[in-house]
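Enquirer:
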Amino acid sequence: MAKNLLIVESPAKAKTINKYLGKDFTVLASYGHVRDLVPKEGAVDPEHGFAMRYETIEKNQKHVEAIAKAARSAENLYLATDPDREGEAISWHIAEILKERGLLQGKTLQRVVFTEITPRAIREAIAHPRQISSDLVDAQQARRALDYLVGFNLSPVLWRKIKAGLSAGRVQSPALRMIVEREEEIEAFRPREYWTIEAECAHPVQPFTARLVMLDGKKFSADTAKLEFSLTDAASAEAARLRIQQAAGGMLHVTDVIRKERKRRPAPPFTTSTLQQEASRKLGFSTRKTMQVAQKLYEGVSLGEEGSVGLITYMRTDSVNLSQDALAEIRDVIARDFGTAALPDRPNVYQTKAKNAQEAHEAIRPTSALRTPAQVARYLSDDERKLYELIWKRTVASQMIPATLNTVTVELAAGSEHAFRASGTTVVVPGFLAVYEEGHDGKNKEDEDEARTLPPMAPGDNVPLARVLAGQHFTQPPPRYTEASLVKALEEYGIGRPSTYAAIIQTLLGKQYAVLDGRAFKPTDIGRAVSKFLSSHFAKYVDYDFTANLEDELDAVSRGEEAWIPLMKKFWGPFKALVEEKRAGLDKADAGSVRILGVDPASGRPVSARIGKFGPLVQIGTADDEEKPRFASLRPGQSIYSITLEEALKLFEMPRTLGVDANGEEVSVGIGRFGPFVRRGSTYASLKKDDDPYTIDLARALALLEEKETFARNRILKQWPGHAVQVLNGRFGPYLSDGERNGKIPKDQDPATLTLEDALRLLEETGKPVRKAAKTAATKASKAAKVAKATKAAKATKATTVKAGKATKAAKATRTKTASKTTAKKSTRTARAEDAPF
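To convert, count from 1 in the sequence shown and add 112; that's the numbering used here.
#1: With three or more C-beta pairs closer than 8 Å as the rule, is the segment 599–610 touching the segment 656–667?
#2: Starting from residue 205, follow the beta strand (DSSP E) in both directions and report where the run begins and ends.
#3: Alpha carbon to alpha carbon, what distance is there between residue 286 and residue 292?
#4: Measuring alpha carbon to alpha carbon, tell me which residue in 209, 576, 732 and 229 is nearest residue 176.
#5: What residues in its chain sit with their C-beta under 6 Å from that of residue 637, if we drop five residues either side in the sequence?
#6: Would you grab the beta carbon distance between residue 206 and residue 246 for me? Rounded to a whole angstrom, and I think it's under 8 Å.
#7: How is residue 144 classed by DSSP in three states: helix, strand or coil?
#8: Anyone know if the C-beta pair for residue 67 and residue 138 falls short of 8 Å?
#9: By the 10 Å Cβ neighbour count, where 16 or more other Cβ atoms means buried, how is residue 131 classified, buried or exposed?
#10: Identify, in the order they occur along the chain, each residue of the same chain with its Cβ nearer than 6 Å to the Cβ of residue 855, setting aside the five sequence neighbours on each side.
#11: Would you call the segment 512–530 in contact with the segment 421–440, where contact means no fewer than 3 C-beta pairs closer than 8 Å?
#12: Give me, in chain order, the residues of the same chain whose beta-carbon lies closer than 8 Å to that of residue 317; leave out the 5 immediate sequence neighbours on both sides.
#13: Got a sec? Which residues, its chain only, sit under 6 Å from residue 233 by beta carbon, not counting five neighbours each side?
#14: Which residues in the same chain as residue 915 place their Cβ atom closer than 7 Å to its Cβ, once the five residues preceding and following it in sequence are excluded?
#15: Under the criterion of a Cβ to heavy atom distance below 7 Å, does residue 372 qualify as lining the ligand COA?
#16: If I follow the unbroken alpha helix (DSSP H) through residue 678, where does it start and stop?
#17: Go through its chain and collect everything with a Cβ distance to residue 328's Cβ below 6 Å, but skip five positions before and after it.
#18: Could you say which of 789, 500, 378 and 828 lies nearest to residue 769 if we only look at CA atoms?
#19: If you draw a straight line from the C-alpha of residue 889 to the C-alpha of residue 402, how long is it?
#20: Would you list the one or two residues that DSSP bridges to residue 728?
#21: Only counting the same chain, and skipping five residues up and downstream in sequence, which positions put a Cβ closer than 6 Å to that of residue 676?
#22: Could you give the distance in angstroms between the alpha-carbon of residue 733 and the alpha-carbon of residue 716?
#23: Need the endpoints of the alpha helix (DSSP H) that residue 191 sits in, please.
#24: Provide the residue span of the alpha helix (DSSP H) that contains residue 820, from first to last.
#25: Rounding to the nearest angstrom, what Cα-Cα distance links residue 396 and residue 306 in this structure?
#26: Around the Cβ of residue 458, are there at least 16 other Cβ atoms within 10 angstroms (buried) or fewer (exposed)?
#27: What residue range is occupied by the uninterrupted beta strand (DSSP E) comprising residue 798?
#28: Measure the beta-carbon distance from residue 593 to residue 294 and round it to whole angstroms, keeping in mind my assumption that it falls under 8 Å.
#29: Please name the residue, chosen from 133, 235, 281 and 189, that lies closest to residue 625 on a Cα-to-Cα basis.
#30: Take the Cβ of residue 410 as the centre, count every other Cβ of all protein chains shown within 10 Å, and call the residue buried at 16 or more, exposed below.
#31: Residue 723: which of 260, 187 and 273 sits nearest, CA to CA?
#32: Taking its Cβ as the centre, do 16 or more other Cβ atoms sit within 10 Å of residue 511, making it buried, or is it exposed?
#33: Is it buried or exposed for residue 265, if we count other Cβ within 10 angstroms and need 16 for buried?
#34: Three or more beta-carbon pairs under 8 Å between the segment 184–191 and the segment 153–170, yes or no?
#35: Compute the Euclidean distance between the alpha carbons of residue 490 and residue 501, then round it to the nearest angstrom.
#36: Which parts of the segment 593–649 are runs of the beta strand (DSSP E), unbroken and 3 residues or longer, counting only runs that do not cross its ends?
The following block contains the structure:
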């Protein structure tokens, strides 16, 4: 065993670094965090100095043991986890575990930090070690303790008031509030009509369009930001169009030509936030995918004979700085590939726009700008290539000269009372635009102007007017947040830090507080209920400024400017008092998740929309009524916050009778807990994706039922008397099953020619345990086939078996909520059993 032990977080990083350090070093990975708070109440004890009870993470226990074993024989230990607060905390936890086991006596334990995985950076880090930073560890512990105390105290309140299984997070809750408030803005938005007028100019050199800027001697306005509109209806717009056309007399007169030269500076190199935003806009990557791909590029990629190399610097940062060595190399690349004219006299310097930026390392950049995207492309996956190219181009462009643009604005008169304006831009010196241009969330006027040029014109020229056009428009609601715009908003507010954005978004999606509608976040009813409840009763703790200020204080702890225990006390006292107050008055509290829609005309009972045990629903009656309330689940796309009384009452039409088949047997459609289904006697069939239970007709229902029965009849392809093993026909083709295991049949093997010996061998080689929901499929396959056969025979003779009679009677019974639930369960069990061969 080598005398030096170096510990990193990931095995990929360990593999790369091991090649750099040679035989004197053993490099092991911790596989991320090695300890966490015990997952139960009391893990953080506010009564005893916020003492924190940790335990080893079970899945990483074996890695901890490997580190401990190597530490016994090593003389020098280097903790080389990631260069942020999380990484510092991981190093501290490893040190604490080794100390508790008495493995640090007589050994040196040092912390080393590097922001790129290159031989030079690794050697330099080892040559300049330091001690573990107690300030960074304290800041991370305070953050973890705060998150724990908020979660363990707020979540039970949500369980009792809204729905079991919900959770509230210190940072995720303000992020959810942003999404919900934006949705409420969209719902409250009322579009306004406005009209624009354009002139189509038939210039002999090049046709172009111009927009109206003066009407009847007054400034013409179509400003959607200020909601100032000169024309708001079709009649006025048409009248204005005719006045302009008549006044112009077929010609527009050039009154002025304004030429301006302007510079566009390049964007700074990437931070975590801007990388996530740009990868979303340009590559369509989620924040999670961006960080996963960036992690691979950082930890190392095999470049053939060169071996494994880290291609980018550390990807969790809010710094826009570049090292002097990196700047020198980037400038060499620019001079080589784009000429010295593309180089500014001195390196471009940028200031971070992030509120309270605290990370001390560099921006995200290539570890060597000499490795162009073209040179490394063949060693990378498609996603890795795209992200590396994005990072390389942004970094190189950041150190190039500005782009020089010539903007031409032409003023054109239509008579004496009306005027138009046209603008165009030409690129004189491309500068950084030769390499990279920053993406935008949407088109704006400047983008449109830069996308076109104008023909040469001078004051006094007359330009033929082809026609005047009036265009109708409506103001648009604010857009929903995308991952890019949400990250930008969080950064601007100072909520969260570079390492947390992807986790925040993943939590919101994982908890189903929001869903992605295309690329935009749409809050679910559950998410809205949680946000409204927290905003009503814990407003301070989902306040944007409060959350940002708390982040500032955590940053102060990381810099050694503030102690973490007093910070915790300041937070915990008021928070605990408020939680206890809300718990005491919980039954009287209003969660904001119940909405009264009106009165059911049939019963005279109130109709409401609310969050129930299994999610959003509508309800007729109340718990205080003598008669039990009736419930109905919402359809996809419906929300308790927008559903109408008419739409709600329609949901109670289920189950409904569609008619009878040729044998007089009733066919009905219903909606169960797991989705809509049709039923005939004891046969159930789930509706397809495009089927609507409210509009499906008898013919379609019979087709679904026949398909189900045909499948059941053909379920067993082959069986051997006296043996449990069978060849079954599944959704993905034939497979083997003995009721306990499912096995694969080779593609080149004809199932009909299988012998019992073949079947048993294949089941032994490829068999996997049957999932619980599907476990009875094979054992019931024979029974299902017999039932289908019996049903067919019964139809032919118009006879009714005892089972069919009972099923028919049950189908015609009073349609209570309990009956609907039973039907749903039967339907779901059958569908899952038959559709899951493995």
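Just so you know, even glycine gets a beta-carbon here, dropped at the ideal spot from N, CA and C.
Expert: Quick answer:
#1: Between the segment 656–667 and the segment 599–610, the count of C-beta pairs closer than 8 Å reaches three or more; the two stretches touch.
#2: Within the sequence shown, numbered from 1, the residue matching residue 205 stands at position 93. Note, residue 205: premise wrong, no beta strand (DSSP E); alpha helix (DSSP H) at 197–212.
#3: As a working note, residue 292 is residue 180 in the sequence shown. As a working note, residue 286 is residue 174 in the sequence shown. Those two C-alpha atoms are separated by around 10 Å.
#4: Taking the first residue of the sequence shown as position 1, residue 176 is located at position 64. For the residues 209, 576, 732 and 229, the minimum Cα distance to residue 176 belongs to 209.
#5: What you label residue 637 is simply residue 525 of the sequence shown in a count that begins at 1. Spatial neighbours of residue 637 in its own chain (CB-CB distance under 6 Å, excluding positions within 5 residues in sequence) are listed in chain order as 728, 751 and 752.
#6: The sequence position of residue 206 within the sequence shown is 94, counting from 1. The sequence position of residue 246 within the sequence shown is 134, counting from 1. Under the criterion of beta carbons closer than 8 Å, residue 206 and residue 246 do not qualify as touching, at roughly 15 Å.
#7: On the sequence shown, residue 144 is found 32 positions in, with the first residue counted as 1. Secondary structure at residue 144: coil, using DSSP grouped into helix, strand and coil.
#8: Outside the modelled stretch of the chain, which goes from 113 to 950, sits residue 67, for which no answer is possible.
#9: Residue 131 sits at position 19 when you count from the first residue of the sequence shown. A residue is called buried once 16 or more other Cβ atoms fall within 10 Å of its Cβ, and residue 131, having fewer, is exposed.
#10: Taking the first residue of the sequence shown as position 1, residue 855 is located at position 743. 848, 874, 875, 878 and 879.
#11: The segment 512–530 makes no contact with the segment 421–440, as fewer than three CB pairs between them are under 8 Å.
#12: In the sequence shown, residue 317 corresponds to position 205, counting from 1. Hits under 8 Å: 567 and 568.
#13: Sequence index remark: in the sequence shown, residue 233 carries index 121 (1-based). Closer than 6 Å at Cβ, skipping near neighbours: 226.
#14: Mapped onto the sequence shown, residue 915 falls at position 803. The pLDDT assigned to residue 915 is 37, lower than 50, so where the model puts this residue is not dependable; a value taken from the coordinates is nonetheless given after this. Non-local beta-carbon contacts of residue 915 in its own chain, meaning distances under 7 Å to residues more than five positions away in sequence, involve 794 in chain order.
#15: This structure lacks the ligand COA; in fact it carries no ligand of any kind.
#16: Position 566 of the sequence shown, counted from the start, is the residue given in the question as residue 678. Its alpha helix (DSSP H) spans residues 676–696.
#17: Looking up residue 328 in the sequence shown gives position 216. Only 529 meet the Cβ criterion.
#18: To locate residue 769, count along the sequence shown from 1; it is residue 657. If we check each option's Cα against that of residue 769, 789 comes out closest.
#19: Start at 1 with the first residue of the sequence shown, and residue 889 comes out as number 777. Start at 1 with the first residue of the sequence shown, and residue 402 comes out as number 290. Only weak support exists for where residue 889 lies, its pLDDT of 43 falling under 50; the value from the coordinates is given anyway. Residue 889 and residue 402: Cα-Cα distance of roughly 41 Å.
#20: Working through the sequence shown from its first residue, we reach residue 728 at position 616. The partner list for residue 728 (beta bridge, DSSP) reads 723.
#21: Numbered from its first residue, the sequence shown carries residue 676 at position 564. Same-chain partners within the cutoff: 250, 254 and 669.
#22: Along the sequence shown, one-based indexing puts residue 733 at 621. Along the sequence shown, one-based indexing puts residue 716 at 604. Looking at the two C-alpha atoms, the distance is approximately 9 Å.
#23: As a first step, residue 191 must be located in the sequence shown, where it is residue number 79. Residue 191 -> not in any alpha helix (DSSP H); beta strand (DSSP E) instead, spanning 188–191.
#24: Here residue 820 refers to the residue found at position 708 when the sequence shown is read from its first residue. DSSP places residue 820 in the uninterrupted alpha helix (DSSP H) bounded by 810–825.
#25: Residue mapping note: residue 396 aligns to position 284 of the sequence shown, counting from 1. Residue mapping note: residue 306 aligns to position 194 of the sequence shown, counting from 1. So the two alpha carbons sit approximately 33 Å from each other.
#26: For the purposes of this step, residue 458 is taken as the residue at position 346 of the sequence shown. Per the 10 Å Cβ criterion, exposed.
#27: Residue 798 sits at position 686 when you count from the first residue of the sequence shown. Taken as a continuous stretch (DSSP letters only), the beta strand (DSSP E) holding residue 798 covers 795–798.
#28: The residue labelled residue 593 in the question sits at position 481 within the sequence shown. The residue labelled residue 294 in the question sits at position 182 within the sequence shown. Right, the Cβ-Cβ distance comes to about 6 Å (below 8 Å), so this counts as a contact.
#29: As a working mapping, residue 625 is identified with position 513 in the sequence shown. Answer by Cα proximity: 281.
#30: For this step, residue 410 is matched to residue 298 along the sequence shown. Of the other Cβ atoms in all chains shown, 16 or more fall within 10 Å of the Cβ of residue 410; this residue is therefore buried.
#31: Position 611 of the sequence shown, counting from 1, holds the residue named residue 723. Minimum Cα distance to residue 723 is reached at 273.
#32: The residue given as residue 511 occupies position 399 in the sequence shown. Result: buried.
#33: Start at 1 with the first residue of the sequence shown, and residue 265 comes out as number 153. Residue 265 sits buried, since 16 or more C-beta atoms from the chains shown fall within 10 Å of its C-beta.
#34: Contact between the segment 184–191 and the segment 153–170 is absent, because fewer than three Cβ pairs lie under 8 Å.
#35: Locating residue 490 in the sequence shown gives position 378, where the first residue counts as 1. Locating residue 501 in the sequence shown gives position 389, where the first residue counts as 1. Taking the straight line from one Cα to the other gives about 13 Å.
#36: Taken in chain order, the complete beta strand (DSSP E) segments of 3 or more residues contained in the segment 593–649 are 626–629 and 632–635.
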